[in-house]
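Protein chains: 2
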Amino acid sequence: MNNFELYNPTRILFGKGMEYEVGKRVAKYSKKILLHYGQGSAERSGLLNIVRQSLREAGVEFIELGGVQPNPRASLVYKGIEICKKENIDFILAVGGGSAIDSSKAIAFGVPYDGDFFDFYSNKAVPKAALPVATVLTMPGAGSESSDSSVITNDELGTKTNCNDEMIRPVFSILNPEYTTTIPVYQTLCGVTDAISHVLERYFNNDTFEDVTDRMCEALVRSLMKYARLIIKDPENYDYRSEIMLACKFAHDNTVGIGRTQDWASHNLEHQLSALYDVPHGAGLAVITPAWMKYVYKTNVAKFIQFGVRVLDIDVNVGSDNDLDKMALAAIEKFEAFLNEIGMPTRLSQLCDCKAGDIEKMADLCVDFYGDPIGGFQKLHRDDMIAIFQLAE
Amino acid sequence: MNNFELYNPTRILFGKGMEYEVGKRVAKYSKKILLHYGQGSAERSGLLNIVRQSLREAGVEFIELGGVQPNPRASLVYKGIEICKKENIDFILAVGGGSAIDSSKAIAFGVPYDGDFFDFYSNKAVPKAALPVATVLTMPGAGSESSDSSVITNDELGTKTNCNDEMIRPVFSILNPEYTTTIPVYQTLCGVTDAISHVLERYFNNDTFEDVTDRMCEALVRSLMKYARLIIKDPENYDYRSEIMLACKFAHDNTVGIGRTQDWASHNLEHQLSALYDVPHGAGLAVITPAWMKYVYKTNVAKFIQFGVRVLDIDVNVGSDNDLDKMALAAIEKFEAFLNEIGMPTRLSQLCDCKAGDIEKMADLCVDFYGDPIGGFQKLHRDDMIAIFQLAE
Numbered sequence: 001m002n003n004f005e006l007y008n009p010t011r012i013l014f015g016k017g018m019e020y021e022v023g024k025r026v027a028k029y030s031k032k033i034l035l036h037y038g039q040g041s042a043e044r045s046g047l048l049n050i051v052r053q054s055l056r057e058a059g060v061e062f063i064e065l066g067g068v069q070p071n072p073r074a075s076l077v078y079k080g081i082e083i084c085k086k087e088n089i090d091f092i093l094a095v096g097g098g099s100a101i102d103s104s105k106a107i108a109f110g111v112p113y114d115g116d117f118f119d120f121y122s123n124k125a126v127p128k129a130a131l132p133v134a135t136v137l138t139m140p141g142a143g144s145e146s147s148d149s150s151v152i153t154n155d156e157l158g159t160k161t162n163c164n165d166e167m168i169r170p171v172f173s174i175l176n177p178e179y180t181t182t183i184p185v186y187q188t189l190c191g192v193t194d195a196i197s198h199v200l201e202r203y204f205n206n207d208t209f210e211d212v213t214d215r216m217c218e219a220l221v222r223s224l225m226k227y228a229r230l231i232i233k234d235p236e237n238y239d240y241r242s243e244i245m246l247a248c249k250f251a252h253d254n255t256v257g258i259g260r261t262q263d264w265a266s267h268n269l270e271h272q273l274s275a276l277y278d279v280p281h282g283a284g285l286a287v288i289t290p291a292w293m294k295y296v297y298k299t300n301v302a303k304f305i306q307f308g309v310r311v312l313d314i315d316v317n318v319g320s321d322n323d324l325d326k327m328a329l330a331a332i333e334k335f336e337a338f339l340n341e342i343g344m345p346t347r348l349s350q351l352c353d354c355k356a357g358d359i360e361k362m363a364d365l366c367v368d369f370y371g372d373p374i375g376g377f378q379k380l381h382r383d384d385m386i387a388i389f390q391l392a393e
Numbered sequence: 394m395n396n397f398e399l400y401n402p403t404r405i406l407f408g409k410g411m412e413y414e415v416g417k418r419v420a421k422y423s424k425k426i427l428l429h430y431g432q433g434s435a436e437r438s439g440l441l442n443i444v445r446q447s448l449r450e451a452g453v454e455f456i457e458l459g460g461v462q463p464n465p466r467a468s469l470v471y472k473g474i475e476i477c478k479k480e481n482i483d484f485i486l487a488v489g490g491g492s493a494i495d496s497s498k499a500i501a502f503g504v505p506y507d508g509d510f511f512d513f514y515s516n517k518a519v520p521k522a523a524l525p526v527a528t529v530l531t532m533p534g535a536g537s538e539s540s541d542s543s544v545i546t547n548d549e550l551g552t553k554t555n556c557n558d559e560m561i562r563p564v565f566s567i568l569n570p571e572y573t574t575t576i577p578v579y580q581t582l583c584g585v586t587d588a589i590s591h592v593l594e595r596y597f598n599n600d601t602f603e604d605v606t607d608r609m610c611e612a613l614v615r616s617l618m619k620y621a622r623l624i625i626k627d628p629e630n631y632d633y634r635s636e637i638m639l640a641c642k643f644a645h646d647n648t649v650g651i652g653r654t655q656d657w658a659s660h661n662l663e664h665q666l667s668a669l670y671d672v673p674h675g676a677g678l679a680v681i682t683p684a685w686m687k688y689v690y691k692t693n694v695a696k697f698i699q700f701g702v703r704v705l706d707i708d709v710n711v712g713s714d715n716d717l718d719k720m721a722l723a724a725i726e727k728f729e730a731f732l733n734e735i736g737m738p739t740r741l742s743q744l745c746d747c748k749a750g751d752i753e754k755m756a757d758l759c760v761d762f763y764g765d766p767i768g769g770f771q772k773l774h775r776d777d778m779i780a781i782f783q784l785a786e
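These protein sequences, in sequence, are chains A and B. Residue 1 is where the first sequence starts when you use the numbering used here, and the numbers rise one by one after that. Residue 394 is where the second sequence starts when you use the numbering used here, and the numbers rise one by one after that.
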């Protein structure tokens with residue numbers, strides 16, 4: 001286990017009716033806020049009206065900025081920063097999924113900063129301050145409701161990059177699974193796939209003695225896989241939705257990542273996919289992750305066997321001919337089969353129309369923003385990135 | 394899953410050398426503190442001198458109060474409160490194990506309160522404020538380094554009771570496993586047994602749909618059992634000590650308890666044992682827990698089977714005669730055998746000299762302080778408490 005520092009002060013309010021707490025909780029921090037949300041689902045569900053009413057009852061003034069798109073854009077962030085500066089707003093409330101939250105976090109970084117907020121997303125500056133952010137989560141998966149991370153797509157540059165800083169963990173997040181029961185199944189499972197990836201990016205490494213967090217990782221992936229399958233059969237089930245919502249939080253709040261060398265190559269590569277083709281992040285990960293696994297598993301065959309045995313119940317007897325690679329490959333195969341079973345694409349061709357030169361372009365963008373090499377499990381250079389994209393074709 | 398609220402802002406600084414951070418970190422909160430510790434082990438290891446030096450370098454004035462005993466006493470808490478009030482101290486740094494930390498928390502409750510701090514430990518008042526507390530942990534098990542709980546023994550009344558409040562979670566805790574490598578094995582395993590109990594008090598209930606936290610509980614107990622066995626063979630192993638230290642933190646910071654009905658009957662009963670005989674809390678739990686299990690398992694046989702299969706690898710074939718009770722009992726038997734294997738007592742007679750009338754006395758004290766009935770898994774009245782103590786004889 002490596003030395004680590006963990007600080008996660010996000011207060012979680014989980015369960016039915018918790019959204020009625022929002023005004024009272026916000027009022028502890030601010031009297032004038034930006035209410036930031038997406039493209040209409042929170043309006044249609046009635047949630048936004050509950051939030052507005054609760055804010056009014058608590059005497060909190062709010063200015064609204066809706067319209068956050070999936071893969072949230074820098075252009076709207078600039079608009080949000082402008083409003084906050086003009087209106088002397090000192091708190092941001094996100095209502096929605098990872099996109100609304102990540103956009104809120106970017107605004108929160110940008111308001112106390114004189115330069116271009118995107119400096120923080122292009123390694124040109126490190127944030128020194130941020131407005132407090134709170135969230136009412138409607139779409140689990142990204143884990144942004146209690147993570148220190150925010151991902152923004154720069155519509156001008158055609159890139160998607162992240163900024164991580166502990167000061168941007170939300171001060172509180174309200175998670176009522178009832179609002180997730182109407183999310184379409186495919187979108188739900190994109191979120192689950194993202195959450196599984198958040199765990200696996202932390203799970204696969206070459207460290208020793210990480211038994212506690214290894215087992216917690218395995219616990220989360222098993223639960224996510226179980227409820228991914230169940231939600232297909234009964235999408236409105238509150239209990240299934242609750243398990244998914246809670247697992248997605250733990251998958252990315254770094255509870256299971258502490259003291260560990262982390263990987264993040266699959267996320268780095270996928271960000272280029274969703275920047276170029278505007279595909280759902282989770283679907284992109286379903287394509288990249290198995291290809292990454294096939295490319296790197298020989299670096300630590302034992303870890304893939306552990307994953308297979310503990311999470312996927314692979315037959316240990318597959319190793320009866322002493323072929324450990326075969327066991328590792330059986331794990332990867334079973335994981336890919338699971339992704340297909342829940343309707344995720346696992347090939348580029350199922351996801352987007354990948355033209356000649358696109359793969360090289362994505363590798364170049366990945367190098368530009370994340371450097372060369374990427375990856376904590378196995379160092380991946382530009383050629384390796386291209387090879388992984390090709391394995392995913 | 395039940396609705397829940399989770400707030401755990403304790404910053405964890407984990408690993409080698411982290412104790413040198415203490416002065417700098419304390420200085421963010423205070424210029425004058427109470428340095429509170431135990432009976433000499435932190436002096437002998439050199440840790441206290443490192444802490445003193447670090448505080449001086451950071452310009453933090455400190456007044457010392459040592460001498461905290463295992464099962465920390467109210468009498469020393471009164472002394473600490475008096476010092477803090479007289480010296481205008483606004484921050485408490487605990488160096489030691491659960492006893493030093495719990496004593497610090499009690500002082501922290503007492504300083505801003507005009508009445509008797511023990512009101513909070515006897516259900517006569519609820520704390521409205523507390524000084525901030527930080528810790529340098531030297532003895533894992535109690536989990537007090539990031540829990541909201543404190544347990545105090547009232548030497549005059551002969552009772553041991555707790556006060557829980559989220560405001561008493563330490564602002565930071567430094568966990569360097571190196572300082573735990575010299576803890577005697579028996580004492581270490583008392584701590585591990587306490588931590589296992591902290592998980593099981595949250596694990597056993599009759600709720601449904603707690604899959605995520607069930608699996609996380611199981612992950613922790615498996616890890617604790619594994620490293621309990623290994624530490625006996627190689628007590629100075631840093632990696633083993635790290636796994637134990639981390640698991641003990643998660644066992645009691647309520648990460649795995651959220652949304653769950655919790656039990657706590659075994660703890661309630663054990664507190665009477667360690668108050669009466671001054672035995673190690675973990676050893677008392679090793680005696681009480683299997684007896685509790687045998688007494689209550691029929692309330693939810695399925696949960697005991699799950700525990701047996703997932704944590705203890707009991708042979709599922711034991712149920713081939715469709716005797717589910719037999720599987721549940723196999724789990725309990727295997728758990729008790731594990732406790733014996735690591736040298737824990739599992740009978741009252743191995744632990745203390747229990748005289749006629751003592752059991753009734755302990756049941757009466759338990760009723761006085763925790764009420765009648767106790768327990769979330771199965772409601773236990775005075776007669777049940779007596780029956781459990783008798784089963785442990």
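Note that the Cβ used here is the ideal one computed from N, Cα and C, for glycine as well.
Closer than 8 Å by beta-carbon distance: list the chain A residues that pair up with residue i, in chain order.
i: I405/B; result: F4, E5, L6, Y7 and I258
i: G408/B; result: M1, N2, N3, F4 and G259
i: M411/B; result: N3
Counting along the chain, where does the beta strand (DSSP E) carrying residue i start and finish?
i: S542/B; result: S542 to N547
i: V680/B; result: Where V680/B is concerned, there is no enclosing beta strand (DSSP E), although the alpha helix (DSSP H) it sits in stretches over H674 to V689.
i: N404/B; result: Rather than Asn, the amino acid found at residue 404/B in this sequence is Arg. R404 to F407 is the span of the beta strand (DSSP E), which, as asked, contains R404/B.
i: Y430/B; result: K425 to Y430
Where do the ends of the alpha helix (DSSP H) carrying residue i lie?
i: N661/B; result: A658 to Y670
i: Y514/B; result: No alpha helix (DSSP H) holds Y514/B; DSSP gives it neither H nor E.
i: N442/B; result: L440 to E450
i: I332/A; result: L324 to E341
i: S742/B; result: L741 to L744
i: F602/B; result: Here F602/B belongs to no alpha helix (DSSP H), and DSSP marks it neither H nor E.
i: I388/A; result: R382 to L391
i: F770/B; result: Careful: F770/B lies outside any alpha helix (DSSP H) and carries neither H nor E.
For residue i and residue j, which I take to be in contact (beta-carbon distance under 8 Å), what is that distance rounded to the nearest angstrom?
i: L276/A; j: M362/A; result: 6 Å
i: I342/A; j: R229/A; result: 7 Å
i: D165/A; j: P127/A; result: 5 Å
i: S492/B; j: P465/B; result: 4 Å
i: L469/B; j: I426/B; result: Their Cβ separation, rounded to whole angstroms, is 17 Å, which puts L469/B and I426/B out of contact at 8 Å.
i: L189/A; j: M293/A; result: L189/A to M293/A, Cβ: 19 Å. No contact.
i: A392/A; j: A291/A; result: 4 Å
i: T403/B; j: P563/B; result: 5 Å
Identify the contact partners of residue i in chain B, using a Cβ-Cβ distance below 8 Å as the criterion.
i: V212/A; result: A612, L613, S616, E636, L639, A640 and F643
i: D239/A; result: M394, T601 and F602
For a contact defined as C-beta to C-beta under 9 Å, what are the partners of residue i on chain B?
i: R215/A; result: R608, M609, E611, A612, L613, R615 and S616
i: K226/A; result: D604
Look at residue i and residue j and say whether their C-beta atoms are less than 7 Å apart.
i: F792/B; j: I561/B; result: Examination of residue 792/B is not possible in this model, given that chain B is present from 394 through 786 alone.
i: V649/B; j: C610/B; result: yes
i: G282/A; j: G191/A; result: yes
i: G768/B; j: D656/B; result: yes
i: T528/B; j: I494/B; result: yes
i: C556/B; j: S543/B; result: yes
i: E201/A; j: M1/A; result: no
i: A612/B; j: R215/A; result: yes
i: Y631/B; j: P577/B; result: no
i: V26/A; j: V60/A; result: yes
i: S41/A; j: V68/A; result: no
Could you name the residues of chain B that residue i contacts, counting a contact when the two beta carbons are closer than 7 Å?
i: T255/A; result: T648
Which residues does DSSP pair with residue i in a beta bridge?
i: K553/B; result: T546/B
i: G97/A; result: M139/A
i: A621/B; result: BP columns for A621/B are empty, so no partner.
i: S75/A; result: DSSP, once it has assigned bridges, lists no residue as partnering S75/A.
i: V526/B; result: I485/B
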